[in-house]
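Have a look at the structure below, then the notes.
Protein chains: 2
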Amino acid sequence: MADPRETGPALDPKWDAQGLITGVATDADSGALLMVAHLNAEALALTLSTGEAHFWSRSRQRIWKKGETSGHVLRVVEARIDCDQDALWLRVRPAGPACHTGAPSCFYRRIENGALVAG
Amino acid sequence: MADPRETGPALDPKWDAQGLITGVATDADSGALLMVAHLNAEALALTLSTGEAHFWSRSRQRIWKKGETSGHVLRVVEARIDCDQDALWLRVRPAGPACHTGAPSCFYRRIENGALVAG
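In the order they appear, the protein sequences are chains A and B.
To convert, note that position 89 of the first sequence is 89 in my numbering; the numbers rise steadily by one, no gaps.
To convert, note that position 16 of the second sequence is 1016 in my numbering; the numbers rise steadily by one, no gaps.
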């Protein structure tokens, strides 16, 4: 009954219909969730080989190194994968704000009573 | 230039072509990433109204309350949303192992030199 994808030692990502897995980046020191994005096979290979987070931009339809223009790269301290290998967890050290808005994290608003509150 | 979805107070999720956003659950105490799943509008509404994490199962095509059979529910301490409102961060207190394999987190393997290592 054991599913080798869940129990085995092989990295065997379960790409979705668009050829992507979900990537989650957290701050390796504070633990804060910084951003969520997507990776195709090339982005995953580049992330693992360079030690800097790369993603696939669905809006621009191209590989995107996080921080390629801002300089705010994410250095990968550890990469982990989930049970069914469709989600990647990158524990990173960010070189600057992770969000394009300038916020340290993309998750700068909490939901309270159905509305959004900063901080 | 300000995008109200990024700067405004309205919860206005950016559903993908399947009507889903990405959900990320972390342990509110340890900060560990527990699981990644997806939510449709009903799952989000149920999560916010009940304070327990609900998701949309893409494989079973139905609403799924995490822990509905195992009892390992995720009590939501805080819900946050990202800049473009296509990802939800749930800080939770888990009632048991978050992974269906029995592991505390679905991310029980790290990637080292292209292979998977437990722990």
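Even for Gly, the Cβ is constructed at its ideal location relative to N, Cα and C.
Checklist entry - Could you give the residue range of the beta strand (DSSP E) that holds A/Glu52? => result For A/Glu52, no beta strand (DSSP E) segment is defined, and its DSSP state is neither H nor E.
Next on the checklist: Among the candidates B/Asp1003, B/Ala1041, B/His1100, whose CA atom is the shortest distance from the CA of B/Ala1017?
Outcome noted: It is B/Ala1041.
Checklist entry - When burial is assigned at 16 or more other CB atoms within 10 Å of the CB, is A/Ser105 buried or exposed? => result When all chains shown are included, A/Ser105 counts as buried.
Next on the checklist: Whether or not the segment 1008 to 1028 of chain B and the segment 1042 to 1060 of chain B are in contact is what I'm after, with contact meaning three or more pairs of Cβ atoms, one per stretch, closer than 8 angstroms; do they touch?
Outcome noted: At 8 angstroms Cβ cutoff, the stretches touch.
Next on the checklist: Can you confirm whether A/Arg80, when its beta carbon is compared against all beta carbons of chain B, has any partner nearer than 9 angstroms?
Outcome noted: Judged by the 9 angstroms Cβ criterion, A/Arg80 is in contact with chain B.
Item to check | According to DSSP, residues forming a beta bridge with B/Thr1022 | outcome: According to DSSP, B/Thr1022 bridges with B/His1038, B/Ala1087.
Checklist entry - Can you tell which of A/Ile63, A/Met35, A/Gln85, A/Ser49 has its C-alpha closest to the C-alpha of A/Arg109? => result Ranked by how close their Cα comes to the Cα of A/Arg109, the residues A/Ile63, A/Met35, A/Gln85, A/Ser49 have A/Met35 in first place.
Item to check | N-terminal and C-terminal residue of the beta strand (DSSP E) that B/Arg1109 is part of | outcome: In the DSSP assignment, B/Arg1109 falls within the beta strand (DSSP E) that extends over 1109 to 1112.
Checklist entry - Roughly how many angstroms separate the alpha carbons of B/Ala1053 and B/Pro1094, rounded to a whole number? => result C-alpha separation (whole angstroms): 10 angstroms.
Checklist entry - Cα separation between B/Arg1058 and A/Glu78? => result In this structure, the straight-line span from the alpha carbon of B/Arg1058 to that of A/Glu78 is close to 28 angstroms.
Item to check | Reference A/Leu88; option with closest CA among A/Gly102, A/Asp3, A/Trp15 | outcome: The shortest Cα separation from A/Leu88 among A/Gly102, A/Asp3, A/Trp15 belongs to A/Trp15.
Checklist entry - From the beta carbon of A/Arg109, is the nearest beta carbon of chain B less than 9 angstroms away? => result Chain B contact via Cβ: present.
Item to check | Secondary structure of B/Arg1062, DSSP reduced to three states | outcome: It is a strand residue.
Next on the checklist: Determine whether the beta carbon atoms of A/Ala37 and A/Gly23 lie at a separation below 9 angstroms.
Outcome noted: Yes, they are a contact pair.
Checklist entry - Hey, quick one: how far does the alpha helix (DSSP H) through A/Glu6 stretch, first residue to last? => result Unbroken alpha helix (DSSP H) run through A/Glu6: 4 to 7.
Next on the checklist: Just to check my reading of the structure: B/Ile1021 and B/Asp1086 have Cβ atoms closer than 8 angstroms, yes? What is that Cβ distance to the nearest angstrom?
Outcome noted: About 5 angstroms; that satisfies the 8 angstroms criterion.
Checklist entry - Are B/Val1073 and B/Arg1091 close, meaning C-beta to C-beta below 9 angstroms? => result Contact: no.
Checklist entry - How many whole angstroms separate the CB atoms of B/Arg1080 and A/Ile111, which I take to be in contact at a CB cut-off of 8 angstroms? => result Cβ atoms of B/Arg1080 and A/Ile111 come within 8 angstroms of each other, at about 7 angstroms.
Next on the checklist: Taking only three categories from DSSP, how would you classify A/Leu74?
Outcome noted: Reduced to three states, the DSSP call for A/Leu74 is strand.
Checklist entry - Of all the CB atoms in chain B, is at least one closer than 9 angstroms to the CB of A/Gly31? => result Contacts with chain B at 9 angstroms (Cβ-Cβ) include A/Gly31.
Next on the checklist: Can you tell me where the beta strand (DSSP E) holding B/Ala1103 begins and where it ends?
Outcome noted: Per DSSP, B/Ala1103 lies in no beta strand (DSSP E) and is assigned neither H nor E.
Checklist entry - Closest by CA to A/Pro97, which one among A/Asp27, A/Trp64, A/Gly19, A/Ala2? => result Ranking the options by Cα distance to A/Pro97, first place goes to A/Asp27.
Item to check | Partner residues on chain A for B/Gly1067, Cβ-Cβ distance less than 8 angstroms | outcome: The contacting residues do not exist; B/Gly1067 stays about 16 angstroms from chain A at best.
Checklist entry - Just reading off the beta strand (DSSP E) that A/Leu116 is part of, what are its end residues? => result For A/Leu116, the uninterrupted beta strand (DSSP E) run begins and ends at 115 to 118, by DSSP.
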